[in-house]
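In UniProt numbering, the protein residues as written are 1 to 38.
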């Protein structure tokens, strides 16, 4: 049970990290399209 929870937690952490990287990439892309937006 605890092992399952831990595995889920790791997956969530990795997902969040991926989302953060995507957001960072998105804001960079936005800056190239529209510098005043960022």
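Ideal placement from N, C-alpha and C gives every residue a C-beta, glycine not left out.
Here the structure is a predicted model, which means the values were calculated and not measured.
Check, Outcome
"Alpha-carbon to alpha-carbon, residue 15 and residue 3", "18 Å"
"Cut-off 7 Å between Cβ atoms - residues of its own chain near residue 8, not counting five sequence neighbours on either side", "none"
"Range of the contiguous alpha helix (DSSP H) that encloses residue 27", "2-33"
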